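In what follows, a single structure is set out as structure tokens and then discussed.
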Amino acid sequence: MVTRGFTGRGSSGDQSGRIPPGQHLVENFPVLTAGPTPNVELADWKFTVKVGPKPVKVWNWSEFNALPKTKVTKDIHCVTSWSKLDTIWEGVLIEDILADAGLDRPTDFVLAHSYDDYSTNVPLADLLSGKAMVALKFAGQPITRDHGGPARLLVPHLYFWKSAKWVKALQFTTRDEAGFWELRGYHIYGDPWREQRYTDD
Numbered sequence: 001m002v003t004r005g006f007t008g009r010g011s012s013g014d015q016s017g018r019i020p021p022g023q024h025l026v027e028n029f030p031v032l033t034a035g036p037t038p039n040v041e042l043a044d045w046k047f048t049v050k051v052g053p054k055p056v057k058v059w060n061w062s063e064f065n066a067l068p069k070t071k072v073t074k075d076i077h078c079v080t081s082w083s084k085l086d087t088i089w090e091g092v093l094i095e096d097i098l099a100d101a102g103l104d105r106p107t108d109f110v111l112a113h114s115y116d117d118y119s120t121n122v123p124l125a126d127l128l129s130g131k132a133m134v135a136l137k138f139a140g141q142p143i144t145r146d147h148g149g150p151a152r153l154l155v156p157h158l159y160f161w162k163s164a165k166w167v168k169a170l171q172f173t174t175r176d177e178a179g180f181w182e183l184r185g186y187h188i189y190g191d192p193w194r195e196q197r198y199t200d201d
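Just so we're aligned, residue 1 is where the sequence shown starts under full-length UniProt numbering, counting upward by one.
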């Protein structure tokens, strides 16, 4: 277990500087989804990295869990205006996934795909250097289904719709292709500190 990259700020003292504009602090963990919650059995779970339409590597649950793990503490911010501080996650950093797949930087853009047919776009630069992971645990426990288990993308420096629940694939694309919410008026990038909620923000 390592904690390289991905370091969080401590919880002592004034927390106002950790809350982006337009956000309010919550102690609970609200559940929001675009549709029904899928039931993904571990025996059926697969994770795929693709370049364009071509699969490069596929892992089953045990193979994916054999990859190096990293534990992180980060603040998260939902576009619906709540923020939660010091959330604790454990999973596989994106660069460790790509290294196992024998990939470096095939393209500059990525689409994350989920088991409920959800998708979201993220520039590759926002997934590397310890910025993102495929999370397998939250607060020391397996991620529950309603929060995206058994595995979800975690990109905590962007609005939380970018942290796709029930993630099943990362697809490298040659351009910044809009995903589910981006096609429906959400911002193409989604920086909470710049309040990039909607297309024209």
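C-beta atoms are modelled at their ideal positions from N, C-alpha and C, and glycine is treated no differently. Just so it is clear, the structure is predicted and the values come from calculations on it, not from any experiment.
Start-end ranges of the alpha helix (DSSP H) lying completely within the UniProt domain "Oxidoreductase molybdopterin-binding" (35-181), minimum 4 residues: 61-65 and 94-101
Counted within 10 angstroms of its Cβ, other Cβ atoms place Pro190 as buried (16 or more) or exposed: Here residue 190 refers to the residue found at position 190 of the sequence shown. A quick correction: the sequence has Gly, not Pro, at residue 190. Gly190 should be labelled buried.
Bridge partner(s) assigned by DSSP for Tyr186: For the purposes of this step, residue 186 is identified with residue 186 of the sequence shown, where counting begins at 1. In the DSSP output, where bridge partners are listed per residue, Tyr186 has Tyr198.
Short Cβ contact (8 Å threshold) for Asp126 with Leu154: For the purposes of this step, residue 126 is taken as the residue at position 126 of the sequence shown. For the purposes of this step, residue 154 is taken as the residue at position 154 of the sequence shown. No, these two residues do not count as a Cβ contact at 8 Å.
Pair within 8 Å by beta-carbon distance, Gln171 and Lys46: Position 171 of the sequence shown, counting from 1, holds the residue named residue 171. Position 46 of the sequence shown, counting from 1, holds the residue named residue 46. Not a contact, by the Cβ cut-off of 8 Å.
Counted within 10 angstroms of its Cβ, other Cβ atoms place Trp193 as buried (16 or more) or exposed: Along the sequence shown, read from residue 1 onward, the residue named residue 193 stands at position 193. Answer is exposed; the Cβ neighbour count stays below 16.
Contact the stretch 89-97 vs the stretch 60-76: 3+ CB pairs below 8 Å: yes
According to DSSP, residues forming a beta bridge with Leu25: Sequence index remark: in the sequence shown, residue 25 carries index 25 (1-based). Leu25 pairs with Ser83.
Burial state of Tyr186 (16 or more Cβ within 10 Å): For the purposes of this step, residue 186 is taken as the residue at position 186 of the sequence shown. Tyr186 is buried by the Cβ-count criterion.
Option in Asn28, Lys168 and Lys84 with minimal Cα separation from Ala112: Position 112 of the sequence shown holds residue 112. Comparing Cα-Cα distances from Ala112 to each of Asn28, Lys168 and Lys84, the minimum goes to Lys168.
As assigned by DSSP and simplified to three states, the class of Pro192: By 1-based counting over the sequence shown, the position of residue 192 is 192. In this structure, Pro192 counts as helix in the three-state DSSP scheme.
Coarse secondary structure for Pro20, derived from DSSP in three states: Taking the first residue of the sequence shown as position 1, residue 20 is located at position 20. Pro20 falls in the coil class under three-state DSSP.
Nonlocal neighbours in the same chain, by C-beta distance under 8 Å from Leu67, ignoring five residues either side: As a position in the sequence shown, residue 67 is number 67, starting the count at 1. The answer, listed in chain order, is Trp59, Val92, Asp96, Ile97 and Asp100.
Alpha carbon of Lys84 to alpha carbon of His147, nearest angstrom: Mapped onto the sequence shown, residue 84 falls at position 84. Mapped onto the sequence shown, residue 147 falls at position 147. Rounded to the nearest angstrom, the two C-alpha atoms are 14 Å apart.
Where Tyr198 falls, given that 16 or more other Cβ within 10 Å makes a residue buried: What you label residue 198 is simply residue 198 of the sequence shown in a count that begins at 1. Tyr198 should be labelled exposed.
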